[in-house]
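Sequential numbering from 1248 applies to the sequence shown in my numbering.
Every residue gets a Cβ at the ideal spot worked out from N, C-alpha and C, and that includes glycine.
What follows is a short report on a single structure.
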Amino acid sequence: MESIIKEEKLTRCALVAINTRYDDESDIEASFDELERLVETAGGEAVFRLLQNKSTPDVRTYIGQGKVKELSDLCQANEIELVIFDTELSPSQIRNLEDEIEADVRVIDRSMLILDIFALHATSGEGKLQVELAQLRYTIPRLMGKGTELSRLGGGIGTRGPGESKLETDRRHLMRRISALEAQLKEMDFNRATQRKAREKSGICKVAIAGYTNAGKSTLLNYLTGAGILAEDKLFATLDPTTRKFTLPDNTEILLTDTVGFIRNLPHHLIRAFRSTLDEVKYADVIMILVDTSDPRCDEQLEVTQKLLFDLDAANKPILYVYNKCDMAAPGFMGASSRIPTASVAYISAKTGVGINEMLETLSALCNGGKTKEIFVIPFSDQGQVNALYKYATVHDVQYGDEHVVVCATVDKETKGRMQKYLKRRSEDEETEE
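Next comes the structure, spelled out in structure tokens:
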């Protein structure tokens, strides 16, 4: 297998972007760099970059007739097979570009490239269904005008994936397929929700490891739990979420979940298709945001992550900011932003283990978050309060006496306050022992 990969010919790609009067040049360069890394992940090599300075995109070709001629000459001179635009193109723009570039090239956009990488890395049944659904949703409005592209199966970047063979069928069949996929995913989502309720009843704190793609999330999970999941220096190396049980230094058991990485300009149809997977972040009790300190633009990547957490309604949860790869920190890295509480920051290397112990101590404080184990003595006349404890706390033991129910439960401050009248007072000896 290793020799086959080495001998496989890389797809020669050209990267194209536009610079309007509203764009910052450094942002364009950073987006180009990210696009190049996406190309490498997909199995290609970026031969050259082409930037067009234009106040507004051209309706027909996005970059204008003169730039298309320049692009055509460069493609012929460099034997380019694939042209990738760092934006989302319309179906007519793709068709016009392929017609006017005087070389045998295919034209795809950023969304198509990301979909291709997702198809490459999806391993679970649910992941493959999600990729196919995203591909079909993206393809439906692009069926018109693609000519012979839909009459054959392709090979290489932008053509593979679970939904590939479905692109040969008509729109009505695709819509039926989308409905079937949505039904299957809905059933899987129901099963996931059932598992989530079981976890909630267990009272184990759920911790989601989130962050920009390639920040080291899988490496951290592997280091802590020996999960053995793929951890490569590539974008979107992990697509399917992995959950493992882990015991913190204070003997608190938690569930750690590795999630799909975030990226700037993540297409909305991808967020929609992977909603159930991303819900692992939404329903977590604590979120660990990993930041890649070896990347000079780690602050901007953190902003992208925070924005996506806000979109997922997960921004108000307890958050531990973990600055990873500190052994390879980029020149000029100054540490966490002043707007991030110092108590919620850790500096580590998930590869070498540096700083992990300090990180786990901070994580323990967040997971326990003021919760305490208490004993409640509830009279039979107030049996409804037992149900309230099952709902709002973690019940460890229930004993029925002649007149009372004695419940041992771990509760937060709010629940403890509401149940104050039933709280068993500890003797001085017990408190001393504690």
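Report buried or exposed for residue i, applying the criterion of at least 16 other Cβ atoms within 10 angstroms of its Cβ.
| i | result |
| --- | --- |
| Asn1343 | buried |
| Tyr1309 | buried |
| Asn1461 | buried |
| Arg1418 | exposed |
| Lys1453 | buried |
| Phe1557 | exposed |
| Ser1465 | buried |
| Val1569 | buried |
| Thr1288 | buried |
| Met1535 | buried |
| Glu1328 | buried |
| Ser1596 | buried |
| Ile1625 | buried |
| Gln1442 | exposed |
| Tyr1385 | buried |
| Tyr1459 | buried |
| Val1682 | Residue 1682 is absent from the model: the chain starts at 1248 and stops at 1681. |
| Met1666 | buried |
| Arg1544 | buried |
| Asp1333 | buried |
| Ser1584 | exposed |
| Gln1377 | buried |
| Tyr1647 | exposed |
| Glu1434 | exposed |
| Glu1272 | exposed |
| Glu1281 | buried |
| Met1391 | Legend: pLDDT at Met1391 = 49, less than 50; position of this residue unreliable, value from coordinates given subsequently. Exposed, because fewer than 16 other Cβ atoms sit within 10 Å of the Cβ of Met1391. |
| Ile1387 | exposed |
| Ala1264 | buried |
| Glu1605 | exposed |
I'd like to check one pair, residue j with residue i: are the Cβ atoms closer than 9 Å?
| i | j | result |
| --- | --- | --- |
| Thr1267 | Glu1292 | no |
| Asn1571 | Val1538 | yes |
| Val1352 | Ile1341 | no |
| Tyr1639 | Asp1659 | yes |
| Val1601 | Asp1574 | yes |
| Lys1598 | Gly1473 | no |
| Leu1428 | Leu1383 | yes |
| Leu1468 | Leu1503 | yes |
| Gly1616 | Pro1578 | no |
| Val1533 | Leu1471 | no |
| Glu1650 | Phe1627 | yes |
| Ala1517 | Ala1430 | According to the sequence as given, residue 1517 is Leu; it is not Ala. Going by C-beta atoms, Leu1517 is not nearer than 9 Å to Ala1430. |
| Leu1567 | Leu1613 | yes |
Excluding five sequence neighbours on each side, which residues of the same chain lie with their C-beta closer than 7 Å to the C-beta of residue i?
| i | result |
| --- | --- |
| Asn1300 | Asn1266 |
| Glu1500 | Ile1451, Lys1492, Thr1494 |
| Ala1576 | Thr1540, Ser1541 |
| Leu1607 | Leu1495, Pro1496 |
| Arg1296 | Leu1262, Phe1279 |
| Ala1350 | Ser1319, Cys1322, Gln1323, Ile1327 |
Please work out which residues of its chain come closer than 8 Å, Cβ to Cβ, to residue i, disregarding the five sequence neighbours upstream and downstream, and give them in chain order.
| i | result |
| --- | --- |
| Lys1663 | Thr1619, Glu1621, Leu1670 |
| Ala1562 | Gln1553, Leu1556 |
| Tyr1530 | Arg1443, Lys1453 |
| Ile1252 | With a pLDDT of only 31 at Ile1252, under the threshold of 50, the placement of this residue in the model should not be trusted, and no figure is reported. |
| Glu1345 | Val1352, Arg1353, Val1354 |
| Arg1586 | none |
| Gly1311 | Gln1299, Lys1301, Asp1305 |
Just to confirm my understanding: we take residue i, look at its own chain, exclude 5 residues before and 5 after, and list those with CB closer than 6 Å. What are they?
| i | result |
| --- | --- |
| Glu1335 | Asp1356, Ser1358 |
| Lys1393 | The predicted position of Lys1393 is uncertain, since its pLDDT is 42 and thus under 50; no value can be drawn from it. |
| Thr1506 | Ala1455, Ala1457, Pro1488, Glu1527, Val1528 |
| Cys1260 | Val1286, Gly1291, Ala1293, Leu1329, Ile1331 |
| Thr1490 | Leu1502, Thr1504 |
| Leu1432 | Leu1376 |
| Ile1425 | Leu1383 |
| Glu1661 | none |
| Ser1687 | No answer is possible for residue 1687: it lies beyond the span of the chain, which begins at 1248 and ends at 1681. |
Does residue i get closer than 9 Å to chain E when you measure Cβ to Cβ?
| i | result |
| --- | --- |
| Thr1589 | Judged by its chain identifiers, the structure shown contains no chain E, having just a single protein chain. |
Requested in this report: Could you pull out every unbroken beta strand (DSSP E) segment of at least 3 residues lying fully inside the region 1278-1364, listed in chain order?
Outcome: 1291-1300, 1329-1332, 1353-1356
Query raised in the report: Any contact of the region 1360-1368 with the region 1307-1321, i.e. 3+ C-beta pairs under 8 Å?
Result: no
Query - contact_flag[the region 1654-1664, the region 1620-1634] where n(CB pairs < 8 Å) is 3 or more - result: Flag = yes, the region 1654-1664 and the region 1620-1634 touch.
Query raised in the report: What are the complete beta strand (DSSP E) segments, minimum 3 residues, inside the region 1575-1646?
Result: 1592-1594, 1619-1626
Query raised in the report: Counting Cβ pairs, one atom from each stretch, are 3 or more of them under 8 Å apart for the region 1547-1561 and the region 1502-1511?
Result: yes
**Report entry** Runs of alpha helix (DSSP H) lying entirely within the region 1520-1567, each at least 4 residues, in chain order
**Finding:** 1522-1529, 1545-1558
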